[in-house]
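I have placed the structure first, in the form of structure tokens, so that the comments after it can refer back to it.
Residue numbers (the working numbering), protein chains in the order written: chain A, 5 to 364; chain B, 288 to 607.
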């Protein structure tokens, strides 16, 4: 189906997409660093500060350490030089030490990432197919029963923001029914993933539980994932469904659909193969542009449900001790995740829509 | 049908207008609706129990666990909400419009470059921005305390006013800014710039703009008299919808501990433990329901208004 010529152009587009991600990261990190540069040099030095070795460090020693830092990392130099050294350190994995997390920022982020990815993955798994499906169903029969139903549910979903939805979920499913629970694992299961013999294949506890022959662990993880994933999915489903509906309505007015109908193609084929096939690219474009807001919602839901993902780093960094490294690390790491997501979606877009392959 | 008539012919738009109007009224007349200032509102119901009291005299919608009135928080919260929503949206609108228009007006490579940068900023999650600016705020506060050499000295500094005054001028304006507001302004203008850019690009080729430019009208005049007024409508609609959305987002952030607190978020937060108990939401409904309904209505009102404007301005939608 895909010729070599086309696969070349996919490849070119893919590498272009990666190049753009790298440029984006450069732009955002330099903007962040420039902002931190506005603050006193102590903050800048704290980006490199190692773990305090001695608790009895005197004022003088601290001053000396600061001076050394300033010299070592060129903190007196103009922005480009400073940024160069700082970015070099980032690439080496030296993201600084966080006094609030009491660990190095980068390993801390990497350790927490699978939890966030697991939540995002399940939410996407729920809302993407459902959003597309309901969008197409509602769009093909504009002002029909399904359309009205969809629009009112979507209206409710967007009005009840994730926060309120989350509170209601907690009240119904955790406090009243006791079906689901917040957090990531119950107290009976939490020690299992750090126990000896447990191998973390994917970092997703739901999958690792099965791979480690412990389906009960997977079930418990699912029980804890359900509320945040459903909350997230419900909010995102409404947005995706609305976009799909609007695009499908637009496509339905085009001539190829009318021609197809005149030739006697089934409505289902028209809707799902023809209209959705052409609507997929614009819908994915919208998903790409709103990937960052998806990430924001993921973090919000994580925090409300006490789910120990990446958001922990952001929230804990705001404890009383000033902690520029972890706030910075949180910002950069989440941007990287967004960029990975957008690159994947962009790739998917090209795979789905043949028009994008030929023009490149 | 004129835009105004079309707008007022749909009941949803009336509803949106009425909701927004109600919020504006309660914000303006807050001192009349709930006379006591927020600071003196503690203990409306005399009780040493830290249990939310049901609606009664002095507190029409009951009290929160700290015995402050829910009704009071609700009414005075509208002020904060409107101030934040309208203020931040105005800044976002300004940034987005200016960047989008300038890029389109300059055209060519500059446009491509600026729009690339705009798209790049879209990859930054706004929550990370809020955390980041909150962090900077904390750092500055910490440094401020540091420079006053901790407790003993800072008491001295507070007593001798001049000392602290002389230290703060550089830092205090920043400290007073809401990190959430800064983050929203810096990281949410992109959609506005994109929409504005697209419509100005289209408008640039229209005869009256070309005529103005060839007849030697100053560039700034072309931008501010011809381009922006004619292209701003869709962006204004976005802004109307965003006023609600931003307040809802800010309350969410405030609820999870990011950014400054607002009366609504504080009410939800302090009532949280009473909701999260068996039958809590039934028994202590007043700590949760009024504020939640207000927040939802705030979002819905502005959203309906925005949707109504889109519908009214769209020449293709003639039905209804």
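The beta carbon of each residue, even a glycine, is placed where N, CA and C say it ideally should be.
Small disclaimer: the values here were computed from a predicted structure and weren't measured.
Per-residue DSSP class, three states only, for residue i
{"i": "residue 212/A", "result": "helix"}
{"i": "residue 552/B", "result": "helix"}
{"i": "residue 357/A", "result": "coil"}
{"i": "residue 201/A", "result": "coil"}
{"i": "residue 187/A", "result": "coil"}
{"i": "residue 560/B", "result": "helix"}
{"i": "residue 353/B", "result": "coil"}
{"i": "residue 346/B", "result": "strand"}
{"i": "residue 72/A", "result": "helix"}
{"i": "residue 594/B", "result": "helix"}
{"i": "residue 451/B", "result": "With a pLDDT of 49 at residue 451/B, under the threshold of 50, the predicted position of this residue should be treated as unreliable, though the coordinate-derived value follows. In this structure, residue 451/B counts as helix in the three-state DSSP scheme."}
{"i": "residue 126/A", "result": "helix"}
{"i": "residue 102/A", "result": "strand"}
{"i": "residue 108/A", "result": "strand"}
{"i": "residue 400/B", "result": "helix"}
{"i": "residue 299/B", "result": "helix"}
{"i": "residue 138/A", "result": "helix"}
{"i": "residue 43/A", "result": "coil"}
{"i": "residue 239/A", "result": "helix"}
{"i": "residue 11/A", "result": "helix"}
{"i": "residue 316/B", "result": "coil"}
{"i": "residue 606/B", "result": "The pLDDT assigned to residue 606/B is 46, lower than 50, so where the model puts this residue is not dependable, and the model offers no usable value."}
{"i": "residue 504/B", "result": "coil"}
{"i": "residue 86/A", "result": "helix"}
{"i": "residue 328/B", "result": "The predicted position of residue 328/B is uncertain, since its pLDDT is 48 and thus under 50; a value taken from the coordinates is nonetheless stated next. Note: residue 328/B maps to helix in three-state DSSP."}
{"i": "residue 359/B", "result": "helix"}
Exposed unless 16 or more other CB atoms sit within 10 angstroms - verdict on residue i
{"i": "residue 358/A", "result": "exposed"}
{"i": "residue 591/B", "result": "buried"}
{"i": "residue 116/A", "result": "buried"}
{"i": "residue 586/B", "result": "buried"}
{"i": "residue 305/B", "result": "exposed"}
{"i": "residue 68/A", "result": "exposed"}
{"i": "residue 183/A", "result": "exposed"}
{"i": "residue 377/B", "result": "exposed"}
{"i": "residue 508/B", "result": "exposed"}
{"i": "residue 122/A", "result": "buried"}
{"i": "residue 601/B", "result": "exposed"}
{"i": "residue 354/B", "result": "buried"}
{"i": "residue 88/A", "result": "exposed"}
{"i": "residue 440/B", "result": "Residue confidence is low: residue 440/B scores 47 on pLDDT, short of 50, so the model does not pin down where it sits. Its coordinate-derived value is still stated next. Classification for residue 440/B: exposed."}
Per-residue contacts from residue i into chain A (C-beta, under 8 angstroms)
{"i": "residue 404/B", "result": "31"}
{"i": "residue 539/B", "result": "165, 166, 167, 304"}
Nearest candidate by alpha-carbon position, reference residue i, set the options
{"i": "residue 91/A", "options": "120/A, 102/A, 37/A, 204/A", "result": "37/A"}
{"i": "residue 168/A", "options": "304/A, 292/A, 299/A", "result": "304/A"}
{"i": "residue 546/B", "options": "303/B, 321/B, 421/B", "result": "421/B"}
{"i": "residue 531/B", "options": "311/B, 502/B, 293/B", "result": "311/B"}
{"i": "residue 311/A", "options": "96/A, 65/A, 235/A, 93/A", "result": "235/A"}
{"i": "residue 526/B", "options": "593/B, 503/B, 540/B, 565/B", "result": "593/B"}
{"i": "residue 404/B", "options": "367/B, 380/B, 484/B", "result": "484/B"}
{"i": "residue 278/A", "options": "290/A, 111/A, 261/A, 291/A", "result": "261/A"}
{"i": "residue 388/B", "options": "515/B, 542/B, 558/B, 564/B", "result": "515/B"}
Within chain A, partners of residue i - CB distance below 9 angstroms
{"i": "residue 563/B", "result": "171, 174, 175, 178, 179"}
{"i": "residue 600/B", "result": "Going along chain A, no residue has its Cβ under 9 angstroms from residue 600/B, so there is no contact; the nearest lies around 16 angstroms."}
{"i": "residue 544/B", "result": "307, 319, 322"}
{"i": "residue 376/B", "result": "The contacting residues do not exist; residue 376/B stays about 16 angstroms from chain A at best."}
8 angstroms Cβ cutoff met for residue i and residue j
{"i": "residue 113/A", "j": "residue 314/A", "result": "yes"}
{"i": "residue 578/B", "j": "residue 361/B", "result": "yes"}
{"i": "residue 138/A", "j": "residue 159/A", "result": "no"}
{"i": "residue 297/A", "j": "residue 102/A", "result": "no"}
{"i": "residue 314/B", "j": "residue 549/B", "result": "no"}
{"i": "residue 244/A", "j": "residue 97/A", "result": "no"}
{"i": "residue 245/B", "j": "residue 479/B", "result": "Here chain B comprises residues numbered 288 to 607, so residue 245/B is not present and cannot be evaluated."}
{"i": "residue 166/A", "j": "residue 231/A", "result": "no"}
Interface partners of residue i on chain B, CB under 7 angstroms
{"i": "residue 328/A", "result": "422, 426"}
{"i": "residue 338/A", "result": "412, 415"}
{"i": "residue 334/A", "result": "415, 418"}
{"i": "residue 331/A", "result": "418, 419, 422"}
{"i": "residue 28/A", "result": "407, 410"}
Interface flag, residue i vs chain E, CB-CB below 8 angstroms
{"i": "residue 488/B", "result": "Looking for chain E here will not work: the only protein chains present are A and B."}
Amino acids of chain B, ordered along the chain, whose beta-carbon sits closer than 8 angstroms to that of residue i
{"i": "residue 343/A", "result": "410"}
{"i": "residue 296/A", "result": "409, 410, 411, 412, 413"}
Listed by chain order, chain B residues near residue i by CB distance under 9 angstroms
{"i": "residue 65/A", "result": "Going along chain B, no residue has its Cβ under 9 angstroms from residue 65/A, so there is no contact; the nearest lies around 16 angstroms."}
{"i": "residue 49/A", "result": "None at all; the shortest Cβ gap to chain B is about 12 angstroms."}
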